[in-house]
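Under this note's numbering, the sequence shown has 16 at position 16, and the numbering climbs by one with no breaks. First up is the structure itself, then whatever we jot down about it.
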Amino acid sequence: MSDSSSTLARLIAELQKLPGIGARTAERLAFHLLNTTDGEARALAEAILELRNRLTECSVCFNLADSDPCAICRDAGRQRSTICVVETPRDVARLEETGLFRGLYHVLKGHLAPAEGVGPEHLTIDALVRRVQAGGVDEVILATNPTVESDATALEIAARLRPLGARLTRLARGLPAGSTIEYVNRNVLGDALSDRQEIK
Ligand SMILES: [Zn+2]
């Protein structure tokens, strides 16, 4: 194999590691990149490096951010008495897209998965409990995914928070069972948020 084809093969192999990119798409992207200008290729490479170097985790809500605390936690216009608990930063992005939520978030960084060895200590549950203990929180919305493991995660969190007195709610059951917030339609997610229900 010549040098040029192994360079191309390496790029194709790297692109194929990305989610949703199969062999053919990787090849198509690689040939597209071959035809971009130096400046365009550099801009893409720099954006990827920047993502790795500049992106940090908010020490309050654990969302990914350019700064710590993140822009949402710093925003004085947001309602600080409501915390929406989600599994991933992508869920924050989906909920922000609905434009309906003006409170703060708390990113769990996953859900309980005993079979895979993921216990409460691997999530940010303790930090959430401390946030609620610190006071000023009237409502905690448990916006975990409608799956068995995520439901168990929500119940665990509810049990930890219940003694603290904040109102506990969860998204309405409009979300298709077994689906994830990440892939649910914006309107369906907006309705599930608006129609949220008390956790008894
Ligand atoms: Zn934050």
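All C-beta atoms in this analysis are idealised placements derived from N, C-alpha and C, irrespective of residue type, glycine included. Remember, it's a predicted structure, so these values are computed and weren't measured experimentally.
Closer than 7 Å to some heavy atom of ligand 1: that does not describe the Cβ of I181. Residue pairing by DSSP places V140 opposite I83 and L168 in a beta bridge.
If you draw a straight line from the Cα of L108 to the Cα of A43, it comes to about 32 Å. Boundaries of the beta strand (DSSP E) harbouring H106: L104 to V107, taken from the DSSP string. Any heavy atom of ligand 1 within less than 6 Å of a residue's beta carbon puts that residue on the list, which reads C58, V60, C61, N63, P69, C70, I72 and C73.
Taking the Cα positions, E40 is about 13 Å away from A30. A distance below 6 Å between beta-carbons, with the five flanking residues on each side excluded, links R160 to the following residues of its chain, in chain order: V129. In the three-state reduction of the DSSP assignment, T88 falls in the coil class, being assigned neither a helical nor a strand state. Judged by DSSP in its simplified three-state form, A76 adopts coil rather than helix or strand. Put simply, the backbone Cα of V60 is about 12 Å away from that of I125.
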